[in-house]
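In what follows, a structure is listed as structure tokens, so that the remarks can point back to it.
Residue numbers (the working numbering): 334 to 434.
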């Protein structure tokens, strides 16, 4: 009899926990530095861009938004250039041996 009560109590507690605090699957972001084309210049510019974004959101000044957008576009250009250079180097490195690539 006591076992039945314990089992039912465990089921009830587990059901309440699953209802109130369900298990969540957490995805871990990859570190930007895992990317071969990533460089310190990109990281520094992104930090500056984050500061400009926060300033623009807080102040709501047109000048601050303009500065943020210019920095954002600069970061995009740097990333595109770094990626293009990296893949161009890799293609040149393996142009004679396509199997390795």
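Cβ coordinates follow ideal geometry from the N, Cα and C atoms, glycine included.
Predicted, not measured: the structure shown is a model, and the values here were computed from it.
List in chain order: all unbroken alpha helix (DSSP H) runs of 4+ residues lying wholly within the segment 367-393.
373-392
By Cβ distance below 8 Å, which residues in the same chain neighbour residue 401 in space, the five residues on each side in sequence not counted?
Within the chain shown, numbered from 1, the residue matching residue 401 stands at position 68. Result list for residue 401: 382, 385, 386, 388, 389, in chain order.
Select from 358, 398, 405 the residue whose C-alpha is nearest the C-alpha of residue 380.
Within the chain shown, residue 380 is the residue found at index 47, counting from 1. Looking at the Cα atoms, 405 is the closest of the given residues.
From 375, 360, 346, pick the residue whose C-alpha is nearest to that of residue 416; which is it?
Here residue 416 corresponds to residue number 83 of the chain shown, with the count starting at 1. Residue 416 has its Cα closest to that of 375, out of 375, 360, 346.
By the three-class DSSP mapping on this structure, what secondary structure does residue 430 have?
Stepping through the chain shown from its first residue, residue 430 is reached at position 97. The answer is coil: DSSP assigns residue 430 none of H, G, I, E or B.
So, are the CB atoms of residue 357 and residue 411 less than 9 Å apart?
Counting from one through the chain shown, the residue named residue 357 turns up at place 24. Counting from one through the chain shown, the residue named residue 411 turns up at place 78. Result no, Cβ atoms of residue 357 and residue 411 do not sit closer than 9 Å.
Straight-line CA distance for residue 428 to residue 373?
As a working mapping, residue 428 is identified with position 95 in the chain shown. As a working mapping, residue 373 is identified with position 40 in the chain shown. Those two C-alpha atoms are separated by around 28 Å.
If you compare alpha carbons, which of 392, 395, 422 is closest to residue 369?
Residue numbering aside, residue 369 sits at position 36 when the chain shown is read from its first letter. Nearest of 392, 395, 422 to residue 369, Cα basis: 422.
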